[in-house]
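Below is one structure; the comments refer to it alone.
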Amino acid sequence: MSTFVELIIGNIRTCIVLLQMVCVIIVITYLIMRSRFFTDFQNRALTWKSSILMILLFGLVSIYGTESGIYVFGAQINIRDLGPMAAGLTCGPVVGLGAGLIGGMYRYFIAGGISQVACTSAAIIAGLLGGAIYLFNKKQFIGIKGAVVIAGCMELIHLGLVLLLGRPFDQAAALVSQAVIPMTIANMVGIGVFSFIYMNMIQERATANERDRIRADLQRKQAELSIARDIQLSFLPDTIPSIRGYQISPLSLPAREVGGDFYDVIIPVSQDKVGILIADVSGKGVPAALFMALSRTITRANATWHKSAVSVIAETNTMICADARSGMFVTLFFGVLNPERRIFTYVNAGHNHPIVFRVDGSREELITTGPALGIMEDAGYTEQVTTINQGDILVMYTDGVTESVNRSNEEFGVERLESVVQKHRSCPAEEIRDEIIGAVTEYSDGQDQFDDITIIVMKGEPGSSGIQ
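In terms of this note's numbering, the sequence shown opens at residue 7 and continues consecutively.
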């Protein structure tokens, strides 16, 4: 019984010493795995330089496994096989064999003993076995569990060779009885920790590659959206032609890189009339921008053929309905201004009611005269007539203005819009426009803009009227 207890205690002490050595080897192999040459193997960018360096490094690990061993019955209990095995499992048979030869030859010439040939052979077999499994697994690491099982089997092979080749046999058997538990445990733990670090490193690199891919995708999409934004902005008028008797000042601020709001200030309807358009496509982003381009192009094309506001919008609706398979629609306000007579004829297709602020302090809403475009092909539209006289201010806007919210989620609203206009009604159209935008921005108090903002301010001014 005392002999058995001594054997157990000896195994525990030996195991502790070997595990301490394993910790050192794990640090060394971690540094190896972080090297550029090791990365070459993972990326299949193999060179003779990287192969030689990996053989030398893992070979040194095997040598350290020999030097850190414990002598029992004139032979060593060690973790020499750990280096070649790790090399073969991660870098293939060439590196595994090379590391095994270095570790095995060092063992053969530096340390003798009854296990000299067996231990030398085991180091070489460990590298070859790891490399063979690497190839069998299609040059992929076998995983933590697989590597641990292989390490355990390898140590049984190692100790089996000691029994087979060691002489005298009774000393070989005594050595194996002392070594089987600590060597098996130490090598299995060592390869397990190594595999865990290796798998984490692979996952880390995969995550980094995915991050880089996503970042590149975002940069590419950002560039594409920037181009799309430039294209979309090209749809909007670069300059506002002068109309005698009127100041007109528009502005559009998309919530994203591209948006669904659009306007057109001068659409020639006839020699003495001009069209003014503001619209808001349902949705945001690229889909809304594409639908915006379609709607704007169709409306402008129809305005060159049809002479009345109602016929322009009715035909536009028919054409949009024919192509609107996405379920999107557009609210649109289209007005035809006769500058000479100061008459404004309009169609409001489900859009926010523009407001006319009269010089006498009264106000008029330009009401809805039909549904949004793209909803019903046979929708009926009517047109209404009003006047924009000297001193009158017409404010056309999208819901991004009145539905902007503050930190309490309260909307800016029509009343605040009217208050800003009334307060600055003596100002030029451009200044009134900027005051409205400034008031909305201040009210939002840093909140993200959730919808496109578009506004057109038109103000009647003294002097004869007409198109210049």
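All C-beta atoms in this analysis are idealised placements derived from N, C-alpha and C, irrespective of residue type, glycine included.
Distance, Cα to Cα, residue i vs residue j?
i, j, result
"Arg431", "Ile438", "7 Å"
"Lys151", "Gly98", "18 Å"
"Arg306", "Arg364", "30 Å"
"Ile61", "Gln455", "60 Å"
"Val548", "Gln225", "What the structure shows of the chain is the stretch from 7 to 474, and residue 548 is not part of that stretch, so it cannot be assessed."
"Ser301", "Thr324", "11 Å"
"Gln4", "Gly289", "Past the edges of the chain, shown from 7 to 474, lies residue 4, and the structure says nothing about it."
"Asp405", "Asp457", "8 Å"
"Arg348", "Val342", "10 Å"
"Asp270", "Val316", "17 Å"
"Asn358", "Gly291", "21 Å"
"Ala179", "Ala185", "10 Å"
"Thr393", "Phe350", "5 Å"
"Ala222", "Ile284", "36 Å"
"Gly380", "Pro360", "21 Å"
"Arg422", "Met464", "19 Å"
"Arg369", "Met382", "31 Å"
"Gly137", "Lys227", "43 Å"
"Ala129", "Ile203", "23 Å"
"Ile69", "Lys145", "26 Å"
"Asp440", "Ser410", "16 Å"
"Ile246", "Arg211", "55 Å"
"Gln253", "Phe418", "26 Å"
"Ser248", "Gly444", "25 Å"
If you drop the 5 nearest sequence neighbours on each side, which residues of the same chain put their C-beta closer than 6 Å to that of residue i?
i, result
"Leu171", "Val123, Ala124"
"Gln396", "Gly466, Pro468"
"Asp267", "Ser258, Asp286, Thr404, Asp458, Thr460"
"Val420", "Thr408"
Exposed or buried, what is residue i when buried is set at 16 or more other beta-carbons lying within 10 Å of its beta-carbon?
i, result
"Met7", "In this prediction, Met7 scores a pLDDT of 46, lower than 50, which makes its location untrustworthy; the coordinate-derived value is nonetheless stated afterwards. Classification of Met7: exposed, given that the 10 Å Cβ count is below 16."
"Leu162", "exposed"
"Ile319", "buried"
"Val182", "buried"
"Gly106", "buried"
"Ala295", "buried"
"Lys279", "buried"
"Met402", "buried"
"Ile32", "buried"
"Thr213", "exposed"
Quick one: what's got a C-beta closer than 7 Å to residue i's C-beta in the same chain, skipping five residues either side?
i, result
"Thr35", "Val67, Ala92, Phe200"
"Glu377", "Per the sequence presented here, residue 377 reads as Pro, with Glu not at that position. Excluding sequence neighbours, Pro377 sits near Ala355, Gly356, Ala385."
"Tyr114", "Gln122, Thr126"
"Glu321", "Asn308, His312"
Measure the beta-carbon distance from residue i to residue j and round it to whole angstroms, keeping in mind my assumption that it falls under 8 Å.
i, j, result
"Gly102", "Gly109", "Going by Cβ atoms, the distance from Gly102 to Gly109 rounds to 11 Å, so no, they are not a contact pair."
"Ile461", "Ile442", "6 Å"
"Glu389", "Tyr449", "Contact doesn't hold; Cβ gap of about 34 Å is too wide."
"Arg173", "Ile120", "6 Å"
"Val154", "Gly198", "5 Å"
"Ile304", "Ile326", "6 Å"
"Thr374", "Tyr387", "Thr374 to Tyr387, Cβ: 10 Å. No contact."
"Gly65", "Asn84", "Not quite, the Cβ-Cβ distance comes to about 15 Å (not below 8 Å), so this is no contact."
"Pro117", "Met160", "The sequence shown places Ala at residue 117, not Pro. Incorrect: roughly 20 Å between the Cβ atoms, too far for contact."
"Met205", "Met39", "Not really, about 11 Å apart at Cβ, beyond 8 Å."
Under 8 Å Cβ to Cβ from residue i, same chain only, skipping five residues before and after it: list those, please.
i, result
"Ser127", "Gly110, Leu167, Leu171"
"Thr334", "Reading off the sequence, residue 334 comes out as Met, not Thr. So the qualifying residues of the chain are Val287, Ser288, Gly289, Pro293, Ala294, Phe297, Gly380."
Just verifying my parser: in three-state terms, what is the DSSP assignment at residue i?
i, result
"Arg40", "coil"
"Lys151", "helix"
"Pro256", "strand"
"Gly71", "helix"
"Arg413", "coil"
"Phe115", "helix"
"Ile319", "helix"
"Thr388", "coil"
"Gly136", "helix"
"Lys279", "strand"
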